[in-house]
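For the sequence shown, position 60 matches number 64 in the working numbering, and the numbering has no gaps at all. Presented below is the structure to which this report refers.
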Amino acid sequence: MGLANDMAKKEGVIEIEGTVVEALPNASFRVELTNGHKVLAHISGKMRQHYIRILPEDRVVVELSPYDLSRGRIVYRYK
Numbered sequence: 005m006g007l008a009n010d011m012a013k014k015e016g017v018i019e020i021e022g023t024v025v026e027a028l029p030n031a032s033f034r035v036e037l038t039n040g041h042k043v044l045a046h047i048s049g050k051m052r053q054h055y056i057r058i059l060p061e062d063r064v065v066v067e068l069s070p071y072d073l074s075r076g077r078i079v080y081r082y083k
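See below:
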């Protein structure tokens, strides 16, 4: 996760890898994390601006807030 860690150094944010399980309406996705948990994640603004497409089975990096660990933001898609 070297590249993703360099892009965003936010206080208290948890970054974890996962795999997109299904695409939901409104640019939301169900993501299964490497630890087995499933979270609801949306696309970050920069990824929207650059029209980065996310499909099921893509490996992604998700930022989780320590306040709500069931929701997250997709910040990076592996090539």
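By construction, the Cβ of each residue, glycine as well, lies at the ideal position given by its N, Cα and C atoms.
Query, Result
"Endpoints, the beta strand (DSSP E) within which residue 22 is located", "18-28"
"Separation of residue 77 from residue 48, as counted between CA atoms", "6 Å"
"Boundaries of the alpha helix (DSSP H) in which residue 81 is found, first to last residue", "Careful: residue 81 lies outside any alpha helix (DSSP H), inside the beta strand (DSSP E) at 72-81."
"Beta-bridge partners of residue 37, as assigned by DSSP", "22"
"Inter-residue Cα distance where the pair is residue 24 and residue 52", "17 Å"
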